[in-house]
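Its first residue numbered 156, the sequence shown is counted upward by one per residue in our numbering.
Worksheet for the structure shown next.
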Amino acid sequence: MAGVTDLNEWKFALKRLQNTEIYGDVTDKLFVRLRLSYDALADFDIALQLCFLYLSAFPEDEVIFTGYVSQLWIGEG
Numbered sequence: 156m157a158g159v160t161d162l163n164e165w166k167f168a169l170k171r172l173q174n175t176e177i178y179g180d181v182t183d184k185l186f187v188r189l190r191l192s193y194d195a196l197a198d199f200d201i202a203l204q205l206c207f208l209y210l211s212a213f214p215e216d217e218v219i220f221t222g223y224v225s226q227l228w229i230g231e232g
């Protein structure tokens, strides 16, 4: 939610996080938070959601250099 300055939007996002079900599995809790971030990107530009998804192609714990990722995104259009 970078760039969001409206207090009501932040309060709404906080409520969504607080009202999520508590799961025993950490993966489910993480998914809820990632989904909130992903959905918020659509408010700015759908292309940001695609960039967010692009990062899922990298293996877990891999060091990702921003210059490399920027070049990949530019190559994709």
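Built from N, CA and C at the ideal position, the CB exists for glycine as well.
Which residue comes first and which comes last in the alpha helix (DSSP H) that contains residue i?
i: L227; result: 221–231
i: F207; result: 201–209
Out of the options, point me to the one whose CA is closest to residue i's CA.
i: W165; options: V187, L191, K184, L185; result: L191
i: R171; options: R188, D161, T160, D183; result: R188
What is the C-beta distance between residue i and residue j, in whole angstroms, given that I count them as a contact (C-beta under 8 Å)?
i: G158; j: F199; result: 7 Å
Please report the straight-line C-alpha distance between residue i and residue j, rounded to a whole angstrom.
i: D194; j: Q204; result: 8 Å
i: G230; j: I219; result: 17 Å
i: Y223; j: F167; result: 35 Å
i: A212; j: T221; result: 15 Å
i: N163; j: S225; result: 33 Å
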